[in-house]
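Please read the structure below before turning to the comments.
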Amino acid sequence: MNADTNDSQAPSLVAGLLLAGGAGTRMDGKDKGMMHWRGKPMAVWVAEALKAATGSLLISANRSLEEYSRLGDVFTDAPEFAGQGPLAGLLAGLQEAEARGNGAVLVCPCDTPGVTPALMQQLLQAWYSAPGQPVIARCNGRDHPLHGVYPVAMAAALEQQLRNDNRRVMMFARSQQAQSVDCPAASELFTNRNRPQDLKD
């Protein structure tokens with residue numbers, strides 16, 4: 000546990016949440032999380048960073064379930080929200096975390112394998128300082144709403160947004176008064192690797 004974290008804010012209150020349920024459209028339909036970058040599947044890099052910060056890992060996935068189960072506890076989106084994008088995975092993750100007694104999730108998508116434990120810890124500590132609202136990463140003036148901490152209490156609002164057929168991630172973050180955490184030295188960490196050519200560096 001970080002020395003700045005008191006006993007009432009133990010990391011066990013926050014579950015790591017890896018979003019790996021995408022269709023992989025720009026990856027020729029392949030499962031992005033299982034595609035290799037620098038010698039390992041992208042999902043492994045992200046899983047390691049999340050687990051280092053939280054000690055636990057939930058994984059939203061709709062295929063390659065056996066492979067993902069080696070990294071953490073796997074669940075799938077609710078049938079009514081299948082194919083609804085990352086917000087469907089976030090909703091299922093919030094509900095799963097709440098059922099397990101967690102107060103929030105530290106979320107990250109599988110296609111940003113450059114994330115580090117230090118970045119995850121920075122987001123986590125920012126949330127601990129003001130746990131009533133979500134926190135999201137900001138780098139070079141751009142917000143990254145799928146890199147942040149969301150309290151489980153926001154599941155109902157997210158479900159309503161999806162029922163209104165609105166899948167916009169940033170709109171949800173703003174509707175919940177998400178606070179941005181400046182990560183000025185981390186621009187390369189947020190690089191999305193959605194296409195085969197993005198895996199070559």
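Going by numbering that gives the first Met the number 0, 152 is the number at position 153 of the sequence shown; the sequence numbering is gapless. Think of the CB as a built atom: it goes at the ideal place given N, C-alpha and C, for glycine as much as any other residue.
### Message
Using DSSP's beta-bridge definition, name the partner residues of Pro-40.
### Response
By 1-based counting over the sequence shown, the position of residue 40 is 41. Partner(s): His-35.
### Query
Exposed or buried, Asn-139, counting other C-beta atoms within 10 Å across all chains shown (16 or more means buried)?
Within the sequence shown, the letter at position 140 stands for residue 139. Asn-139 comes out exposed.
### Query
Of all the alpha helix (DSSP H) runs that stay within the bounds of the stretch 41-127, which reach a length of 4 or more residues?
41-53, 64-68 and 85-98, all fully within the stretch 41-127.
### Query
Helix, strand or coil for Ala-155 per DSSP?
Looking up residue 155 in the sequence shown gives position 156. Of the three classes helix, strand and coil, the one that applies to Ala-155 here is helix, per DSSP.
### Message
At the level of alpha carbons, what is the spacing between Asn-61 and Thr-75?
### Response
Taking the first residue of the sequence shown as position 1, residue 61 is located at position 62. Taking the first residue of the sequence shown as position 1, residue 75 is located at position 76. Between Asn-61 and Thr-75, the C-alpha separation is close to 5 Å.
### Query
Should Leu-64 go down as buried or exposed, given a rule of 16 or more other Cβ atoms within 10 Å for buried?
Counted from its first residue, the sequence shown places residue 64 at position 65. Classification for Leu-64: exposed.
### CA-to-CA distance, Leu-17 to Ser-68, given in whole angstroms
Your numbering for residue 68 matches position 69 in the sequence shown. Your numbering for residue 17 matches position 18 in the sequence shown. Each residue's CA atom was taken as its position, placing Ser-68 and Leu-17 some 12 Å apart.
### Task
Could you tell me which residues DSSP puts in a beta bridge with Pro-150?
Position 151 of the sequence shown holds residue 150. The partner list for Pro-150 (beta bridge, DSSP) reads Ala-103.
### Query
How about the stretch 159-177 and the stretch 107-120: do they share at least three Cβ pairs that are nearer than 8 Å?
Not touching, per the Cβ criterion.
#### Entry: Sufficient close CB pairs (3 or more, under 8 Å) joining the stretch 49-59 to the stretch 135-149
no
### Task
Consult DSSP for Gly-15 and reduce its assignment to one of helix, strand or coil.
Against the sequence shown, residue 15 aligns to sequence position 16. Gly-15 falls in the strand class under three-state DSSP.
### Query
Looking at the unbroken beta strand (DSSP E) that takes in Ala-136, where does it start and where does it end?
Residue numbering aside, residue 136 sits at position 137 when the sequence shown is read from its first letter. Per DSSP, Ala-136 belongs to the beta strand (DSSP E) from 134-138.
#### Entry: Cα-Cα separation between Leu-90 and Ala-46, rounded to whole angstroms
Numbered from 1 along the sequence shown, position 91 holds the residue referred to as residue 90. Numbered from 1 along the sequence shown, position 47 holds the residue referred to as residue 46. Going by the C-alpha atoms only, they are around 19 Å apart.
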